[in-house]
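According to full-length UniProt numbering, the sequence shown is numbered sequentially starting from 1. Data first, discussion second: the structure below is written as structure tokens.
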Amino acid sequence: MCARKFRPEEADIDASLVRRLVDAQFPQWSGLALTEVDSAGTSNAMFRLGEDLAVRLPRLAGSAQDVAKEHRWLPLLAGTLPVAIPSPQGRGIPGEGYPWPWSVYRWLEGANPGPGRTPEPALLAQDLARFVCALRRVDPAGGPASYRSEPLARRDDVTRAAIHELRAELAAEQVSAVWASALRASEASGPAVWIHADLQPGNVLVADGRLSAVIDFGCLGLGDPAVDLIAAWYLLPAGARDVFRSGTGADDAAWARGRGWALSVALLELQHYRESNPVMASIARHVIAELLADPPPGT
Numbered sequence: 001m002c003a004r005k006f007r008p009e010e011a012d013i014d015a016s017l018v019r020r021l022v023d024a025q026f027p028q029w030s031g032l033a034l035t036e037v038d039s040a041g042t043s044n045a046m047f048r049l050g051e052d053l054a055v056r057l058p059r060l061a062g063s064a065q066d067v068a069k070e071h072r073w074l075p076l077l078a079g080t081l082p083v084a085i086p087s088p089q090g091r092g093i094p095g096e097g098y099p100w101p102w103s104v105y106r107w108l109e110g111a112n113p114g115p116g117r118t119p120e121p122a123l124l125a126q127d128l129a130r131f132v133c134a135l136r137r138v139d140p141a142g143g144p145a146s147y148r149s150e151p152l153a154r155r156d157d158v159t160r161a162a163i164h165e166l167r168a169e170l171a172a173e174q175v176s177a178v179w180a181s182a183l184r185a186s187e188a189s190g191p192a193v194w195i196h197a198d199l200q201p202g203n204v205l206v207a208d209g210r211l212s213a214v215i216d217f218g219c220l221g222l223g224d225p226a227v228d229l230i231a232a233w234y235l236l237p238a239g240a241r242d243v244f245r246s247g248t249g250a251d252d253a254a255w256a257r258g259r260g261w262a263l264s265v266a267l268l269e270l271q272h273y274r275e276s277n278p279v280m281a282s283i284a285r286h287v288i289a290e291l292l293a294d295p296p297p298g299t
């Protein structure tokens, strides 16, 4: 059976295909058990290979473009970050009817947290802040632009279109007020830094309430450090956000932009996946509700 599709243009991917690819290109791993990993991720299908490896196949041509970036930059970033990140073990090529490059990574233990649900929120907030700050400090020389590297204002049209489309299920006026407040914040004035740009539940792993790994670096690149502040609403309850903000050193303008990024990303996720991906839609609704429950001054 093929991995579930979220869009009709996705590749057909199933365990049989992955087995053939691994056996043909990495015969040293041909005897290892292969199990599909249940994930709400929309960019890649993932399979566990044996106990220690994970096979990751892009679902779309756009996601396939991230393979080269991850294989180049993740090994260089790994030694500078305070938690584990994916470690490339093999880079596959198109074959067996599958059209794009693909990857084998080291398996990372841990579990995806529920949005805003963790037994140690203040500790997780500290861990996330340390990760974000460590990533920002990495030398940006030669780094690519992040998938989310544009100024927040450039997302105005698509964000307002999403609010309009979702108006029957959202408090559209309140959401629009939060978005307008974010747009009033001054733009980033410093140089672009390394950002993960997608710090949400499906892309982090926790163990015993602490951050154990950060995964899925498809959006990785250089951009406004405020983008990574989306973790405050995607991953933390209200009571831990001040800890995260203090740890990242976010000023009022950066925090406002981070709020805007969280809202825009959540709205577009809800717009596109409210029928095809219930998990992602539920997370998006949670983020929007959190932003409305703790609005910025003046809204």
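Every residue, glycine too, gets a C-beta built ideally from N, C-alpha and C. Computed from a prediction, not measured in an experiment: that's the story for all the values here.
Within its chain, find whatever has a CB closer than 7 Å to the CB of residue i; leave out the 5 residues flanking it on each side and keep chain order.
{"i": "residue 78", "result": "85 and 87"}
{"i": "residue 265", "result": "230"}
{"i": "residue 233", "result": "262, 287, 290 and 291"}
{"i": "residue 64", "result": "58, 100 and 101"}
{"i": "residue 299", "result": "At residue 299, the pLDDT of 49 sits below 50, so the modelled position is not reliable; the number obtained from the coordinates is stated separately. Taken in chain order, the residues that qualify are 177, 178 and 181."}
Could you give the C-beta distance for residue i and residue j, rounded to a whole number, given that I count them as a contact under 8 Å?
{"i": "residue 292", "j": "residue 171", "result": "6 Å"}
{"i": "residue 40", "j": "residue 13", "result": "Going by Cβ atoms, the distance from residue 40 to residue 13 rounds to 15 Å, so no, they are not a contact pair."}
Rounding to the nearest angstrom, what Cα-Cα distance links residue i and residue j in this structure?
{"i": "residue 32", "j": "residue 141", "result": "39 Å"}
{"i": "residue 123", "j": "residue 243", "result": "9 Å"}
{"i": "residue 125", "j": "residue 294", "result": "17 Å"}
{"i": "residue 176", "j": "residue 62", "result": "30 Å"}
{"i": "residue 53", "j": "residue 107", "result": "5 Å"}
{"i": "residue 181", "j": "residue 212", "result": "34 Å"}
{"i": "residue 173", "j": "residue 155", "result": "18 Å"}
{"i": "residue 169", "j": "residue 26", "result": "48 Å"}
{"i": "residue 68", "j": "residue 109", "result": "24 Å"}
Between the Cα of residue i and those of the options, spot the shortest distance and give me the residue it belongs to.
{"i": "residue 103", "options": "259, 117 and 55", "result": "55"}
{"i": "residue 247", "options": "134, 68, 96 and 100", "result": "134"}
{"i": "residue 221", "options": "73, 126, 81 and 281", "result": "73"}
{"i": "residue 81", "options": "90, 132 and 155", "result": "132"}
{"i": "residue 8", "options": "150, 118, 279 and 272", "result": "272"}
{"i": "residue 129", "options": "258, 260, 228 and 189", "result": "228"}
{"i": "residue 225", "options": "120, 205 and 191", "result": "191"}
{"i": "residue 144", "options": "194, 127, 157 and 165", "result": "194"}
{"i": "residue 71", "options": "139, 245, 105 and 83", "result": "105"}
{"i": "residue 92", "options": "196, 29, 256 and 147", "result": "29"}
{"i": "residue 223", "options": "284, 138, 178 and 24", "result": "138"}
{"i": "residue 48", "options": "22, 66, 60 and 67", "result": "22"}
{"i": "residue 60", "options": "159, 218, 274 and 164", "result": "218"}
With a CB to CB cut of under 6 Å and the five nearest residues on each side skipped, what residues in its chain are close to residue i?
{"i": "residue 6", "result": "42, 276 and 277"}
{"i": "residue 203", "result": "215 and 216"}
{"i": "residue 238", "result": "294"}
{"i": "residue 151", "result": "187"}
{"i": "residue 119", "result": "209"}
{"i": "residue 257", "result": "152, 185 and 226"}
Short of 8 Å in beta carbon distance, which residues of its chain neighbour residue i, apart from the five on each side in sequence? Order them along the chain.
{"i": "residue 75", "result": "87 and 88"}
So that I know if they touch, is there some Cβ in chain D lying closer than 9 Å to that of residue i?
{"i": "residue 192", "result": "The displayed structure is made up of one protein chain only, and chain D is not part of it."}
Quiz item: Quick check: the stretch 16 to 26 against the stretch 89 to 98, are there 3 or more CB pairs under 8 Å?
Solution: yes
Quiz item: Are the stretch 104 to 114 and the stretch 191 to 206 touching by the rule of at least three beta carbon pairs closer than 8 Å?
Solution: yes
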